[in-house]
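This report concerns only the one structure given below.
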Amino acid sequence: MTLPVAVLASGRGSNLAALIAARAAGELPIEFTLVAGDKADAPALRNAEAHGIPTFALEPKSFAARAEFDAALFANVKASGAQLVVLAGYMRILDPAVTAQWTGRMINIHPSLLPKYRGLHTHRRALEAGDTEHGSSVHFVSAELDGGPVIAQVRIKIHPRDTEDTLAERLLPKEHRLLVACVGAIARGRVCERNGQTWCDGRPLAKPLQLNTDGRLAGA
Ligand code: GRF
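Residues in the sequence shown are numbered consecutively from 931, following the numbering used here.
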């Protein structure tokens, strides 16, 4: 059994590329039903096309309101047959009607150790706060921006000379492995959301799972 997955992306698409590569390597029991977004010229969509994955883009300016844009976008996601939606660098806030419809079936990757630094400029904010560690989180999507139940995190140390760029550069490859591991855990039925909590192997998580150096998820 493979899990039908739709990916939403707005830009570069390195997380999408990691998912495509992991699937091609036989590491992910998924099939891509659609890669969609809000920017027709996004590299993520071009890469999907190059791999034979259907793509779809809508122009937000053509819609009077967010709710209408999201309804149209997610009508296509649903029609694709997706059972899981992965937000991989999708830069738009979602309408609550859509998040309610996809509860437990939509995940997001966010470059901070949630609940720290929801929203933008996470690397800068971690540096300005004098944090000694930083990381990325994958979470189920709720109506609250970057606020749904966290599945797993990956951590890196912050060095004294780090800049936003060096942090981002060091974190990105780990973020890719984190996303692949989380999608794999959902596709294999190990991880799900129930009653606003993340469950793993039949138990609610007290803390997010952590990505090990071998690329596996472990209890915190
Ligand atoms: C990633 O850092 C992700 O955490 C954030 O947006 C960035 C997307 O990068 N949500 P890419 O488009 O996957 O390369």
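Yeah, the Cβ is synthetic: ideal placement off N, Cα and C, and Gly gets one too.
At least one heavy atom of ligand 1 lies less than 7 Å from the C-beta of A974. Shown here, V1110 sits in a helix according to DSSP, grouped into three states. Around the beta-carbon of Q1083, 16 or more other beta-carbon atoms lie within 10 Å, marking it buried. Along the length of the segment 963-1030, whole beta strand (DSSP E) runs at least 3 residues long occupy 985-987, 1014-1017, reported in chain order. When the beta-carbon positions are compared, I1037 and V1016 come within less than 8 Å of each other. Annotation for T1128: the continuous beta strand (DSSP E) segment containing it runs 1127-1130. For N945, the shortest separation between its Cβ and any heavy atom of ligand 1 lies below 7 Å.
The three-state secondary structure of N945, taken from DSSP, is helix.
Between L1135 and W1129, the alpha-carbon positions lie close to 6 Å from each other. L958 is bridged by DSSP to nothing; it lacks a bridge partner. Close CB contacts of G967 within its chain, under the 7 Å cut and outside five residues either way in sequence, are with L938, A939, S940, A974, L975, A987, Y1020 (chain order).
Of the candidates N1125, L1139, K1087, H1064, L1139 places its Cα closest to the Cα of L1109.
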